[in-house]
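Chemist: One structure is given below, represented as structure tokens, and several questions about it will come after.
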Amino acid sequence: MQDGPDPLAGLSAALAEIRGAGLGRHMRLLEKAQAARCVVDGREVLNFSSNDYLGLAADPRVRAAALEGIAAHGVGAGSARLIAGTFPPHRALEEALAAWKGTESALLFSSGYHANLGILTALAGEGDVIFSDALNHASIIDGCRLSRARTQVYAHRDAAALECGLAAARRAGAGRLVAVTDTVFGMDGTEAPLREIAAAARAHGALVVVDEAHAGGVLGPRGAGLAAAHALGADAVHVQMGTLGKALGAAGAFVAGARTLVDYLVHRARTFIFTTALPPATAAAAAAALRIAASPEGDRRRAHLAALAQRFRAGLTARGLRTTAPEGSAAPIVPVLVGDPQRAMRACEALLERRVWAQAIRPPTVPPGTERLRFAFTAGQTVADIDEALAALDAAHDLVRGGPLASALDAAHDLVRDGPAASSPGATRKAPTAR
């Protein structure tokens, strides 16, 4: 029997408050493999909720590589690589990733979250300053906070604001300066102005760290990402983080850069040192997916994916629906803005009734007032699938069309977060993005 106060007291009331605000969450049961069509909660649906952009998660060649990896090396890695050793698939994948990214070296991490925390806490500390885009991913936000560096948040995609901040920090005698940004923002489909960011960083001697999670496999030559699309080498973009669980259809993440950088992370990135390694079979599967993604077949899949996203954006424009995804972007993410959490959930359910699954995204994943249906596309979808999704939106038009969102979006893009990592005591907290 509990002698003192119930340590869980208050959680039920807190959950009731969350649900009352229209922010309750539950995990849907996915009964088959990730695919353009899948079975969710017992119902076959068109799947627009997956980041399996190239349709590789269930590709027979990727599955076969995973099975061969299990047969050769077992299921688990046993421990961290510095304790239990490195399996051949780990080393082979790192070499392939470095070649793909055009860097000297690469290092595997257990997840994108682990990678971003490891990078930022290893490279920045007290006396240093990190400059972070206002809509960066939650793992970047948390990495900034855990680093103990001073964090200055600049308005979304505002390279001029970044340059001013870097100049001021350099004049003030700050230590290491780090500019960190997503390259494709996973909830908005927008792209970072990477050339301008790199130029500003070069002018003030700052490190550039990029999160290519939603660009890897999708943008640039051979799908190598936005840095490659802009022909920015390792002298301009110093640290590239990429994930293996989105366009490459597997799991885990990696950091690519100079050999000295990777060696330093092996010694100082706590999320690498103290975490059990990726299963070797997962590394083998990711290597098989990378071979496809970097091939002419990958080019065809990317072209098809871009065409699908463009058709969907054009359909939204024709219907007067709002999105943050810019016209002409090749990013496979096109949100449909709703602006209210409860209406967004009702719209999601209405689409599910028509067998279209586009998950409602609400705070804390996006800032209040910018609730949305997030449509993510996969190369396995067809033009007919896009038209079916647009027809489902027509049926839910009363829920999707709401009041003006411009002010909420402007505020979200200009946010500066409060809390331990913030540089402004009167700032507003920005909701971290979910991975």
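For the sequence shown, the positions run 3 to 437 when our numbering is used. Ideal Cβ placement from N, Cα and C applies to all residues, glycine included. In this text, all values refer to a predicted model and were calculated from it rather than measured experimentally.
Let me know the beta strand (DSSP E) ranges lying completely inside the segment 74–159, each 3 residues or longer, listed in chain order.
Modeler: Those beta strand (DSSP E) runs which fall completely within the segment 74–159 and span 3+ residues are 107–111, 131–135 and 152–156.
Chemist: Under 8 angstroms, with one C-beta from each stretch per pair, do the segment 194–210 and the segment 226–233 reach the 3-pair mark?
Modeler: Flag = yes, the segment 194–210 and the segment 226–233 touch.
Chemist: Measure how close the beta-carbons of residue 129 and residue 78 come, nearest whole angstrom, since I'm counting them as under 8 angstroms.
Modeler: Here residue 129 refers to the residue found at position 127 of the sequence shown. Here residue 78 refers to the residue found at position 76 of the sequence shown. Actually they are not in contact, since the Cβ atoms of residue 129 and residue 78 sit about 40 angstroms apart, beyond 8 angstroms.
Chemist: How would you label residue 186, buried or exposed, when you count the other beta carbons within 10 angstroms and need 16 or more for buried?
Modeler: Walking along the sequence shown from the start, residue 186 turns up at place 184. Per the 10 Å Cβ criterion, buried.
Chemist: For the beta strand (DSSP E) holding residue 258, just list the boundary residues, first then last.
Modeler: Position 256 of the sequence shown, counted from the first residue, corresponds to residue 258. Start and end: 255–259.
Chemist: So residue 377 is in the beta strand (DSSP E); what residue range does that whole segment cover?
Modeler: Stepping through the sequence shown from its first residue, residue 377 is reached at position 375. Unbroken beta strand (DSSP E) run through residue 377: 374–378.
Chemist: Can you find the residues in the same chain that come closer than 7 angstroms, C-beta to C-beta, to residue 164, ignoring five residues on each side of it along the sequence?
Modeler: For the purposes of this step, residue 164 is taken as residue 162 along the sequence shown, with counting starting at 1. 133, 156, 181, 199 and 202.
Chemist: Just to confirm before moving on: does the CB-CB distance between residue 288 and residue 95 stay below 8 angstroms?
Modeler: Residue numbering aside, residue 288 sits at position 286 when the sequence shown is read from its first letter. Residue numbering aside, residue 95 sits at position 93 when the sequence shown is read from its first letter. Against a cut-off of 8 angstroms, the Cβ pair of residue 95 and residue 288 comes out as a contact.
Chemist: Relative to the C-alpha of residue 48, which candidate in 379, 402, 400 and 398 has its C-alpha closest?
Modeler: As a position in the sequence shown, residue 48 is number 46, starting the count at 1. Checked all of 379, 402, 400 and 398; the closest Cα to residue 48 is 379.
Chemist: So is residue 85 buried or exposed if we call it buried at 16+ other beta carbons inside 10 Å?
Modeler: Locating residue 85 in the sequence shown gives position 83, counting from the first residue. Result: exposed.
Chemist: Alpha carbons only, please: which of 189, 66, 51 and 250 is nearest the one belonging to residue 283?
Modeler: As a working note, residue 283 is residue 281 in the sequence shown. Of 189, 66, 51 and 250, the residue nearest in Cα terms is 66.
Chemist: The beta strand (DSSP E) spanning residue 244 covers which residue range?
Modeler: The count along the sequence shown starts at 1 and reaches residue 244 at position 242. Where residue 244 is concerned, the enclosing beta strand (DSSP E) stretches over 241–245.
Chemist: Helix, strand or coil for residue 409, going by three-state DSSP, please let me know.
Modeler: By one-based count along the sequence shown, residue 409 stands at place 407. A caution first: residue 409 carries a pLDDT of 49, below 50, which makes its placement in the model too unreliable to give a value.
Chemist: Per the DSSP calculation, residue 39 is bridged to which residue(s)?
Modeler: The residue you call residue 39 lines up with position 37 of the sequence shown. Its beta-bridge partners are 48.
Chemist: Might you give, ordered along the chain, the residues of its own chain that have their beta carbon closer than 6 angstroms to the beta carbon of residue 57, omitting 5 neighbours on each side?
Modeler: Residue numbering aside, residue 57 sits at position 55 when the sequence shown is read from its first letter. 380, 381 and 382, listed in sequence order.
Chemist: Using a threshold of 8 angstroms, state whether the C-beta atoms of residue 280 and residue 81 are closer than that.
Modeler: The residue given as residue 280 occupies position 278 in the sequence shown. The residue given as residue 81 occupies position 79 in the sequence shown. No; because the gap between Cβ atoms is not below 8 angstroms, this pair is not in contact.
Chemist: If you drop the 5 nearest sequence neighbours on each side, which residues of the same chain put their C-beta closer than 6 angstroms to that of residue 313?
Modeler: Locating residue 313 in the sequence shown gives position 311, where the first residue counts as 1. If we look at residue 313 and ignore the five residues flanking it on each side, its Cβ neighbours are 388.
Chemist: Comparing C-alpha positions only, which one of 277, 360 and 343 sits nearest to residue 21?
Modeler: Stepping through the sequence shown from its first residue, residue 21 is reached at position 19. Nearest option by C-alpha distance: 343.
Chemist: For residue 247, which residues in the same chain have their Cβ closer than 6 angstroms to its Cβ, ignoring the five residues on either side in sequence?
Modeler: Indexing the sequence shown from 1 puts residue 247 at position 245. Within the same chain, residue 247 has close Cβ partners 253.
Chemist: In chain order, what residues of the same chain have a beta carbon less than 6 angstroms from the beta carbon of residue 317, not counting five sequence neighbours either side?
Modeler: In the sequence shown, counting from the first residue as 1, residue 317 sits at position 315. So the list reads 392, once near-sequence residues are dropped.
Chemist: What residue range is occupied by the uninterrupted alpha helix (DSSP H) comprising residue 282?
Modeler: Locating residue 282 in the sequence shown gives position 280, counting from the first residue. Taken as a continuous stretch (DSSP letters only), the alpha helix (DSSP H) holding residue 282 covers 282–295.
Chemist: If you count every other CB in all the chains shown that lies within 10 Å of the CB of residue 6, and 16 or more means buried, which is it?
Modeler: Position 4 of the sequence shown, counted from the first residue, corresponds to residue 6. Exposed, since its Cβ has fewer than 16 Cβ neighbours within 10 Å.
Chemist: Give the range of the beta strand (DSSP E) segment to which residue 400 is assigned.
Modeler: Position 398 of the sequence shown holds residue 400. That residue, residue 400, is in no beta strand (DSSP E); its alpha helix (DSSP H) goes 399–402.
Chemist: Can you look up residue 323 in the DSSP assignment and give me helix, strand or coil?
Modeler: Along the sequence shown, one-based indexing puts residue 323 at 321. It is coil, neither helix nor strand.
Chemist: Can you give the beta carbon distance from residue 365 to residue 137, rounded, assuming they're within the 8 angstroms contact cut?
Modeler: Position 363 of the sequence shown, counting from 1, holds the residue named residue 365. Position 135 of the sequence shown, counting from 1, holds the residue named residue 137. That belief does not hold up - the Cβ atoms of residue 365 and residue 137 are roughly 13 angstroms apart, past 8 angstroms.
Chemist: Should residue 159 go down as buried or exposed, given a rule of 16 or more other Cβ atoms within 10 Å for buried?
Modeler: As a working mapping, residue 159 is identified with position 157 in the sequence shown. Counting Cβ neighbours within 10 Å, residue 159 comes out buried, since at least 16 surround it.
Chemist: Would DSSP call residue 170 helix, strand or coil?
Modeler: Residue 170 sits at position 168 when you count from the first residue of the sequence shown. In the structure shown, residue 170 sits in a helix (DSSP, three-state: H, G or I).
Chemist: Taking the C-alpha atoms as reference points, what is the distance between residue 346 and residue 146?
Modeler: For this step, residue 346 is matched to residue 344 along the sequence shown. For this step, residue 146 is matched to residue 144 along the sequence shown. The straight-line gap from Cα to Cα measures roughly 31 angstroms.
Chemist: Out of 222, 152 and 240, which has the shortest C-alpha to C-alpha gap to residue 233?
Modeler: Numbered from 1 along the sequence shown, position 231 holds the residue referred to as residue 233. With distances taken between Cα atoms, residue 233 lies closest to 222.
Chemist: Does DSSP put residue 7 in a helix, a strand or coil?
Modeler: For the purposes of this step, residue 7 is identified with residue 5 of the sequence shown, where counting begins at 1. Coil at residue 7, not helix or strand.
Chemist: Take the Cβ of residue 276 as the centre, count every other Cβ of all protein chains shown within 10 Å, and call the residue buried at 16 or more, exposed below.
Modeler: One-based indexing of the sequence shown puts residue 276 at position 274. Exposed: under 16 other Cβ atoms inside 10 Å.
Chemist: Closest by CA to residue 220, which one among 399, 273 and 294?
Modeler: Locating residue 220 in the sequence shown gives position 218, counting from the first residue. Among 399, 273 and 294, the Cα nearest to that of residue 220 is on 294.
Chemist: Which whole-angstrom value is the C-beta distance of residue 257 and residue 238, which I expect to be below 8 angstroms?
Modeler: Position 255 of the sequence shown holds residue 257. Position 236 of the sequence shown holds residue 238. In fact, because the Cβ distance is near 16 angstroms, the residues do not count as touching under 8 angstroms.
Chemist: Out of curiosity, what's the CA-to-CA distance linking residue 244 and residue 8?
Modeler: Along the sequence shown, one-based indexing puts residue 244 at 242. Along the sequence shown, one-based indexing puts residue 8 at 6. Roughly 43 angstroms between the two C-alpha positions.
Chemist: For residue 385, name the three-state secondary structure that DSSP assigns.
Modeler: Your numbering for residue 385 matches position 383 in the sequence shown. DSSP places residue 385 in helix when its eight states are reduced to three.
Chemist: Measure the Cβ-Cβ separation of residue 377 and residue 338 and say whether it is below 8 angstroms.
Modeler: Position 375 of the sequence shown, counted from the first residue, corresponds to residue 377. Position 336 of the sequence shown, counted from the first residue, corresponds to residue 338. Yes, the pair counts as a contact, with Cβ atoms nearer than the cut-off.
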